[in-house]
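**Q** Using my numbering, you'd call the opening residue of the sequence shown number 158 and step up by one each time. Mind looking over this structure? Questions follow.
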Amino acid sequence: MPEIFEGMRFFSRKLIKPEDLNSHGTLFGGSVLAWIDEEAAIYVICQLGNSNIATKFMSEIDFVSSAKLGDIIEIGMETVAFGRTSITVRCEVRHKFTLQPIIRIEKIVFVHLDKNGRPTPHGITKPVN
158 MPEIFEGMRF
168 FSRKLIKPED
178 LNSHGTLFGG
188 SVLAWIDEEA
198 AIYVICQLGN
208 SNIATKFMSE
218 IDFVSSAKLG
228 DIIEIGMETV
238 AFGRTSITVR
248 CEVRHKFTLQ
258 PIIRIEKIVF
268 VHLDKNGRPT
278 PHGITKPVN
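Here's what the structure looks like:
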């Protein structure tokens, strides 16, 4: 049984389609990274109650395994830390039915921005969902 991240919550699922594949017939890393960035942004917006954010940093991306045509994957997020102007989450993408991890990212940092695009305090200190 794969290791399960305790605080990880899985919100969205994707069906792997032909346009999501690389030349080897497996899930293209660029596709899944775009999905991760979007899912992480939605997660952070829900945490902060505000959509004025930007992705600041993404740590090492650990491609643990792959997915193939017709597989269903799910994307999980977990809040790691709150800074004064930032929020840090971690992510796991896994197969829906086997729970086998596909990708793990330990740290994705988003920054809360003011109307001029500068970091500004968000005032949140604990996860809301």
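A virtual CB, placed ideally from N, CA and C, is assigned to each residue, including glycine.
1. Label Val246 either buried or exposed according to how many other C-beta atoms from any shown protein chain fall within 10 Å of its C-beta, with 16 as the threshold for buried.
2. What's the call for Val250, buried or exposed, on a 16-neighbour Cβ count within 10 Å?
3. Would the stretch 211-219 and the stretch 264-282 be scored as touching if the rule is three or more Cβ pairs under 8 Å?
4. At what residues does the beta strand (DSSP E) containing Val285 begin and finish?
5. Quick one: what's got a C-beta closer than 7 Å to Ser208's C-beta in the same chain, skipping five residues either side?
6. Please classify Asp219: does DSSP put it in a helix, a strand, or coil?
7. Tell me whether Pro175 sits in a helix, a strand or coil according to DSSP, three-state version.
8. Suppose you measure from the CA of Pro159 to the CA of Asp219; what does that come to, to the nearest Å?
9. At 4 residues or longer, what runs of the alpha helix (DSSP H) sit wholly inside the stretch 229-277?
10. Can you tell me whether Leu190 is helix, strand or coil according to DSSP?
11. By the 10 Å Cβ neighbour count, where 16 or more other Cβ atoms means buried, how is Asp228 classified, buried or exposed?
12. Which of the three DSSP states, helix, strand or coil, is assigned to Leu205?
**A** Walking through what the data contain:
1. Around the C-beta of Val246, 16 or more other C-beta atoms lie within 10 Å, and the residue is accordingly described as buried.
2. buried
3. yes
4. Per DSSP, Val285 belongs to no beta strand (DSSP E) and is neither H nor E.
5. Same-chain partners within the cutoff: Ile202.
6. strand
7. helix
8. Because the pLDDT of Pro159 is 42, which lies under 50, any placement of that residue in the model is unreliable, and the question is left without a value.
9. none
10. helix
11. buried
12. Three-state DSSP puts Leu205 in a helix.
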